[in-house]
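Everything below concerns the one structure shown next.
Residue numbers (our numbering): 23 to 604.
What follows is the structure, encoded as structure tokens:
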């Protein structure tokens, strides 16, 4: 006979103990945190202390009692309390917030001690907070009166970068506490002369923090971030940045602080000068223009190929820094290999207050004979500003084997034999008989010539009228001639950079005229997207390569006249292909 009663009692006891442990564990899942609204406070200035208690299971929460805090006086009766429920990872969480208003007293350095908090009859403690009480008499009254109510600054991450180093430039707005900023609009067209500029992703709604500038308290809001890359050494100046802000300022005549005046202001930053240092010479390695924190690797595919089959050597440079400006490494290929135009691509990430990503270069080679071939080991250098030195990456040698395809067809000499039949018989002479008039060609020529001439004249008139009235038609018809003239100037350019500028001008003008796009205001990315709709991947990739080369020519120290001439010919070929599609 089975004894049920005792087992049931034992199970109930175990369940009770388990629930008790569970409640204890849940009670321990409590976070307490204290914060001060300011840690640099003027004597007589009011601040707010907040205590936040959150947890998944809190049966009882007692309001914390503030201890005596040296340097601060508690304004009793000003305590606030809030409660909020939320669902975090499927678990209900409750948060209690207690707020206390305090007045700063005697100047000096102080600490908010650990504050005890009682939750579920258990005591928790907040972390101490250090703060400073400042003497208002140290503020120069003249400086305070002259201090602007609102202003904007350009704040670079470093004032002494090296050429190519990534400099984060923040556009920061400062405004006093009695001012409310409702909106802002940057003035377009800001140029950073001497820098390659990339706009970083930033929040649409700027967050404000409190700060003291020359003894005056301001609210500080970072509006926009740029990544700037110096292109040359020396003193480079960032031009003023202009923004338009809509503000509301409390009227001095309103004793209750309820009246605000709305106005629109145009403000600009002061110029900022940076002292850009030159890069040292790289020793025993090839410098590819990379400045930042990078990793470099290369691989070959396939390692076993047939004679005449393409083989790809892919080089990847990834990391944070001047990713768009990195040059392709040059390798020593055996003379038996046939080389083709390399391919390149980039993936750029503009988040997390930096430019990062991957630059990829693909060398394409073909073996024309059987054998084993080796691309020698090479050393690639990039400059790391964090360590202020070159870092060398050793790329091991790459080896592949080429064999003849046993299934390939062979042309035999006998296959080219031509069977020629001998010519037999004698030539016979015949006397031409009289040809009827309607079978003579010149008669029909005389009949149709006036008709053809009239049709040609009419067609020319229609073409001339359309050229004068239809702007899109005229742009399309003259696009090729205009591009040819521009490329002729590029061939005669004395300066390589000027030559690439003319290549860019020829490509952009030809595509916008041919596709009836706006002649100005389009970026290279916009133009490439338009071409992607009518051209294949190869043509689009070649267009992007040429436009990128034109943009980055200032960072390509190894560019020669031969390279420019080659790119001019490739531009002519690309324009001809696009002309057939558009």
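Ideal placement from N, C-alpha and C gives every residue a C-beta, glycine not left out.
What you are looking at is a predicted structure, and each value in this text was computed from that prediction instead of being measured.
For residue i, which three-state DSSP category applies?
i	result
residue 381	strand
residue 330	coil
residue 545	coil
residue 220	strand
residue 179	coil
residue 146	strand
residue 470	helix
residue 96	strand
residue 324	coil
residue 486	helix
residue 26	With a pLDDT of only 35 at residue 26, under the threshold of 50, the placement of this residue in the model should not be trusted; the figure read from the coordinates follows. Residue 26: helix per DSSP, three-state reduction.
residue 575	helix
residue 61	coil
residue 411	strand
residue 343	strand
residue 463	helix
residue 172	strand
residue 242	strand
residue 608	Since the first residue of the chain shown is 23 and the last is 604, residue 608 is not available in this structure.
residue 301	coil
residue 159	helix
residue 562	helix
residue 570	helix
residue 479	helix
residue 56	strand
residue 553	helix
residue 203	strand
residue 270	strand
residue 122	strand
Return the first residue and the last residue of the alpha helix (DSSP H) that residue i is part of.
i	result
residue 189	Premise fails: residue 189 lies in the beta strand (DSSP E), 189-197, not in any alpha helix (DSSP H).
residue 495	493-514
residue 533	518-536
residue 592	583-603
Express the C-alpha separation of residue j and residue i in angstroms, rounding to a whole number.
i	j	result
residue 258	residue 238	30 Å
residue 469	residue 497	38 Å
residue 235	residue 80	43 Å
residue 170	residue 196	9 Å
residue 644	residue 309	The structure shown does not extend to residue 644, since the chain is modelled only from 23 to 604, so the question has no answer here.
residue 358	residue 331	14 Å
residue 510	residue 500	16 Å
residue 316	residue 155	45 Å
residue 570	residue 168	48 Å
residue 90	residue 66	17 Å
residue 160	residue 64	10 Å
residue 584	residue 475	48 Å
residue 561	residue 554	8 Å
residue 217	residue 302	19 Å
residue 340	residue 404	11 Å
residue 70	residue 250	39 Å
residue 3	residue 516	Because the chain spans 23 through 604 in this model, residue 3 falls outside it and cannot be assessed.
residue 491	residue 293	48 Å
residue 494	residue 538	6 Å
residue 111	residue 342	34 Å
residue 136	residue 127	20 Å
residue 305	residue 413	10 Å
residue 198	residue 192	19 Å
What distance in whole Å lies between the Cβ atoms of residue j and residue i, which are believed to be in contact at a cut-off of 8 Å?
i	j	result
residue 124	residue 96	5 Å
residue 248	residue 220	7 Å
residue 566	residue 550	5 Å
residue 600	residue 525	Wrong, their Cβ atoms sit about 14 Å apart, outside the cutoff.
residue 145	residue 115	Actually they are not in contact, since the Cβ atoms of residue 145 and residue 115 sit about 21 Å apart, beyond 8 Å.
residue 528	residue 505	4 Å
residue 398	residue 385	The Cβ separation is near 14 Å, so there is no contact.
residue 307	residue 401	4 Å
residue 345	residue 368	7 Å
residue 383	residue 366	5 Å
residue 513	residue 590	6 Å
Which two residues bound the contiguous beta strand (DSSP E) that contains residue i?
i	result
residue 213	Careful: residue 213 lies outside any beta strand (DSSP E) and carries neither H nor E.
residue 425	420-425
residue 363	359-371
residue 132	130-134
residue 306	Here residue 306 belongs to no beta strand (DSSP E), and DSSP marks it neither H nor E.
residue 140	138-141
residue 233	230-235
query = How do the stretch 109-129 and the stretch 71-78 stand: do at least 3 beta-carbon pairs fall below 8 Å, yes or no?
reply = yes
inquiry  = Contact between the stretch 288-307 and the stretch 384-393 is defined here as three or more beta-carbon pairs at a separation below 8 Å; is this criterion met?
reply    = no
ask   = Okay, do the stretch 169-189 and the stretch 140-151 touch, 3+ Cβ pairs below 8 Å being the bar?
value = no
request  = Please confirm if the stretch 367-379 is in contact with the stretch 409-425, defined as three or more CB-CB distances below 8 Å between the two stretches.
outcome  = no
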